[in-house]
Structures are given as C-alpha cells and as structure tokens.
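Numbering (full-length UniProt numbering), first residue to last: 1 to 477.
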C-alpha cells in the first residue's frame, strides 16, 4: 500500500482541537472549584463555631443566635445568587442535610465540675466512712439486733412499734404532705438547688433546640426573608423559591419549611392580583433613550423657553418610564408583596412547585395544619374562601383549587403566564400519580396528555399554547 502524505492543515486542526478541549476542561474545573469553594466557606464557618464552642468558649444564648444567623445569612446569599437547577444549590442542600444529621456539639466542661453526662455515684450499703468499697456487708441471717438480749446471733421478732414505723416509711405517711414537696421530674439537692441547674445538658442548646441538629432559627430567618421577597429581582425570587423547595424534598423539616411553601402558593394563587402587560425585558432601550436625550440636550443649549419646555416633557417621560419599570418588576425595592403583579409572583411559585411537587401532594393527603402563631401564614386567601375560612394548612380541597386556578389561566390565554401555568398544572396533575397518592382527576389528565401526544406527534402538551381544547375538555374540577 502506497504511503499517502497527510495534509498539514488537518494535523493543525487536530492540534487546535486538542488544545481547545484541554483549555475548556481547565475552565470547567476552575468554575466547579469556584462554585464548590462557596459551599466550603459555609462548611468551614460551621466547623469553626463547633470547635470554638466545644473547647474554648462557653457562649451565651444571644451570642449563639448571632453567630448562627451569620451562617444562615451566608446560606441565604448563596441560594439567592445561584441559579436554580445548579449543582451548587444541590451541594448546599446536601450540606444542610449532613449538618442536621451530624453529632451534637458538646458543652464546654468547667474546671472542677464533673462532666454533665456523669451523675454522682451513690455509696453502697456496705460502704463505711474511712473504709470505702472494702467494707463488707454481713448477711441478714447473722446480724444481731440492737434490742436483742440474746447471744449467738439469733434474731428476735420486732416489736409492734418497729413494724408500724417501717410501714409508714414505705407508704410515705410519716412526713407531712407539704414537707419536702418537689415537682415531678425535678430532683433537688440538700442545699435547695435543682439538679437541672447544677447538671446542665451535655450538648449545647438554645431555646430547647440542639445546635446544628435542629438547625436553630433557620425557619425564622428564611420566613423573614420570604416576607421581603418583593425586594428581590425576578430571577433571585425563583432561585430562593427553588432552594426552599429542594429543602422540602430533602425532608430537612417538613413542618417548618412546608409553611413557607404554602404561604408563597397562597400569595400567588389565592389572592387577587393585577396582570401586567408583557414587556420585552430589554433594559438597554431605556438607557439608549436616556443617552439620546442627553445628546440632544447638548445640541439644544441656549434656545431659551423651548429648551425649558422640552426638559419638562423629558423629565415627565423619565418618571413614567421609572414607574413602568417598577410595576413590571425591574425595580421593586421598598415594595411590599401585595404590590407585586401576578406575572412577578407566579414564576417563583412554579419553581417551588416543580422542585417539591411530590412532597406537597403528600402534605395535602396528610392534611397538615398549622396552629398558633403560624396559622396566619397558612390561612386561605380571599379567592379561596369557598374552601373554608378556618382552613389553615394543606388539604386536597386546596390542592384542587390550585389546579382550577391554573386551569383558568390557561383557558383564558393570559399572556405572559400561560407557559408557567402549564408547567405548574402538569406537576400538580402528575405529582399524586407519581408518588402513589390517589387524587381525583389525575388519571383523566394523564389520558388526555397521552392522546394529545399520539395525535400531535413531536409536540409536548406542556409546551404548546396553540391547541387548548384538550385542557378545556379535561374532566376535572
């Protein structure tokens, strides 16, 4: 076979391709290391506090709470700034799971104080002063009575007074009722100090919560940030909601973080909200218009009254543009959640439902309710009063209302939210079936989706907005 010379350009192309792959791999590793270092910083902060509290400092409750909230602030910032469906968010949730199942932090032992886990040993019956455990106990058959006048170690029957004294000691009637009264479960010493104060718990606790195992104050901190959700841009709202959903799906604390999910869904689907017109989202247009205005101002200087009128008009237009930006969700700093429109609050709600839909279906089947201070966050909204005004938790009635609400968004073809409503409805109609929970209407919806895909090949029922007849004919609430 004859030797054929290869073209030099081909070899150069292969070399360039190899170099490009190598550089791309290095860049990918660098990005992964940077993302991983963000999670490692939180892990190192937790480790430093654990070592400090275990070996060097006995902190107060206020100091523990301040240090713990600093850690939760790091978690919050990383969750908000990291896009959802990112490995960094998954690593952050995994870190919280590991922290929850980590061993408790031991309390620092003071000098001269016995370890709190070890109780003082009671002396044996045979121990005597100065003899310790070497003293021996004589068997009762060979012991002589103090009132005995006989010898040879033969016991004498006790008198009637001795028998009554023993019975009173056993029954406890020898002492007055009020003498030495102690609350149940609390034992006192001779000096009147309770053993709970003298023997603190062996682990570090704050408000009856074990440090790191119970994730103290994490739910309170995130609930406070949830109430200020309007101060975040739309993307960060979605990231935050997705992170809370991932914590729920990881079963970190179903009751506490389920309340956050219920509150967000209530705000989005159970309260009347306005719908803004669809905007292009191109913020550079307004910047270009402002630059053109400043350029024209430079040209028209010195024109007198006309220039003053033009400035007044331009200032009015600037104010209108700023107001439109605020209503469209570009700049919502200082606003409350009630001022947000539906298309500003529905995307984070959909991100939450997609991240923990199965767990929400499980909560609805179990009818998890909230009482006390948490009830105000779980009460039904104004539009869902037909479910029951006293409803304060998850239920199948509420689940069905959410589906009906999303279905109305799709049916009326509301621009800007149809796609998000289709995604959320698909999760709510499949979560029960995929988790083994029977919810009315799930099988009918699944049959409609299958028939639609067979009829319209190459189209996904969740992504098409042209044909909504199958949704309208769906047998459901």
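A virtual CB, placed ideally from N, CA and C, is assigned to each residue, including glycine. In this text, all values refer to a predicted model and were calculated from it rather than measured experimentally.
**Prompt:** Nearest CA to the CA of residue 54: which residue from 101, 21, 202?
**Reply:** Stepping through the chain shown from its first residue, residue 54 is reached at position 54. For residue 54, the nearest C-alpha among the options comes from 202.
**Asked** Are residue 58 and residue 108 closer than 8 angstroms when you measure CB to CB?
**Response** On the chain shown, residue 58 is found 58 positions in, with the first residue counted as 1. On the chain shown, residue 108 is found 108 positions in, with the first residue counted as 1. Yes, the pair counts as a contact, with Cβ atoms nearer than the cut-off.
**Request:** Output the distance between the C-alpha atoms of residue 62 and residue 421, rounded to the nearest integer angstrom.
**Result:** Taking the chain shown and counting its residues from 1, the one referred to as residue 62 is at position 62. Taking the chain shown and counting its residues from 1, the one referred to as residue 421 is at position 421. One C-alpha to the other measures close to 45 angstroms.
**Request:** Have a look at residue 47 and residue 68 and give me their C-alpha separation to the nearest angstrom.
**Result:** Start at 1 with the first residue of the chain shown, and residue 47 comes out as number 47. Start at 1 with the first residue of the chain shown, and residue 68 comes out as number 68. Distance between the alpha carbons of residue 47 and residue 68: 12 angstroms.
**Asked** Which residues bound the alpha helix (DSSP H) around residue 87?
**Response** One-based indexing of the chain shown puts residue 87 at position 87. Note, residue 87: alpha helix (DSSP H), 87 to 100.
**Request:** Please name the residue, chosen from 22, 207, 214, 33, that lies closest to residue 98 on a Cα-to-Cα basis.
**Result:** Position 98 of the chain shown, counted from the start, is the residue given in the question as residue 98. Cα-wise, what sits closest to residue 98 is 214.
**Request:** Throw me the rounded Cβ distance for the residue 88 and residue 35 pair, which I believe falls under 8 angstroms.
**Result:** One-based indexing of the chain shown puts residue 88 at position 88. One-based indexing of the chain shown puts residue 35 at position 35. Contact flag correct, Cβ pair sits at about 4 angstroms.
**Message:** Looking at the secondary structure, which residues open and close the alpha helix (DSSP H) in which residue 435 lies?
**Reply:** Locating residue 435 in the chain shown gives position 435, counting from the first residue. Run containing residue 435: none; DSSP gives neither H nor E here.
**Message:** Excluding the 5 residues flanking residue 392 on each side, which residues of the same chain have their C-beta closer than 7 angstroms to its C-beta?
**Reply:** Counted from its first residue, the chain shown places residue 392 at position 392. Counting only Cβ-Cβ distances below 7 angstroms, and skipping sequence neighbours, we find 369, 370, 375, 378, 379.
**Residues near residue 395 by beta carbon distance below 7 angstroms, same chain, minus five either side** = On the chain shown, position 395 is the one that residue 395 refers to. Here the set comprises 364, 367.
**Item:** Proximal residues to residue 222 (C-beta, below 8 angstroms), its chain only, five neighbours per side dropped
**Value:** Within the chain shown, the letter at position 222 stands for residue 222. Closer than 8 angstroms at the Cβ level, and outside the excluded window around residue 222, lie 72, 76, 244, 257, 260.
**Message:** Tell me the DSSP secondary structure of residue 291 in three-state form.
**Reply:** The residue you call residue 291 lines up with position 291 of the chain shown. Because residue 291 sits at a pLDDT of 40, beneath the cut-off of 50, its placement in the model cannot be relied upon, and the following sentence gives the value as read from the coordinates. Helix at residue 291.
**Asked** Skipping 5 residues on each side, what residues in its chain have a beta carbon closer than 8 angstroms to that of residue 254?
**Response** Here residue 254 refers to the residue found at position 254 of the chain shown. Cβ neighbours of residue 254 beyond the five flanking positions: 248, 359, 363, 368.
**Prompt:** Beta-carbon of residue 258 versus every beta-carbon of chain C: anything under 8 angstroms?
**Reply:** Within the model displayed, chain C is absent; a lone protein chain is all it includes.
**Request:** Taking the CB atoms as reference points, tell me whether residue 240 and residue 263 lie closer together than 8 angstroms.
**Result:** Here residue 240 refers to the residue found at position 240 of the chain shown. Here residue 263 refers to the residue found at position 263 of the chain shown. Cβ distance not < 8 angstroms, so residue 240 and residue 263 don't count as in contact.
**Request:** Put residue 205 into one of helix, strand or coil per three-state DSSP.
**Result:** In the chain shown, the residue the question calls residue 205 occupies position 205. In the structure shown, residue 205 sits in a strand (DSSP, three-state: E or B).
**Item:** Residues that residue 369 bridges to, as DSSP identifies them
**Value:** In the chain shown, counting from the first residue as 1, residue 369 sits at position 369. According to DSSP, which records beta bridges pairwise, residue 369 is partnered with 393.
**Item:** Spatial distance of residue 449 from residue 457 (CA atoms)
**Value:** Locating residue 449 in the chain shown gives position 449, where the first residue counts as 1. Locating residue 457 in the chain shown gives position 457, where the first residue counts as 1. If I take the Cα positions, the gap works out to 12 angstroms.
**Message:** Using a 10 Å radius around the Cβ and a threshold of 16 neighbouring Cβ atoms, would you call residue 41 buried or exposed?
**Reply:** Translated into positions along the chain shown, residue 41 becomes position 41. Exposed, because fewer than 16 other Cβ atoms sit within 10 Å of the Cβ of residue 41.
**Counted within 10 angstroms of its Cβ, other Cβ atoms place residue 344 as buried (16 or more) or exposed** = Looking up residue 344 in the chain shown gives position 344. It is buried - the Cβ of residue 344 has at least 16 other Cβ atoms within 10 Å.
**Request:** With a 10 Å radius around its C-beta and 16 neighbouring C-beta atoms as the bar for buried, classify residue 85 as buried or exposed.
**Result:** Locating residue 85 in the chain shown gives position 85, where the first residue counts as 1. Residue 85 is exposed by the Cβ-count criterion.
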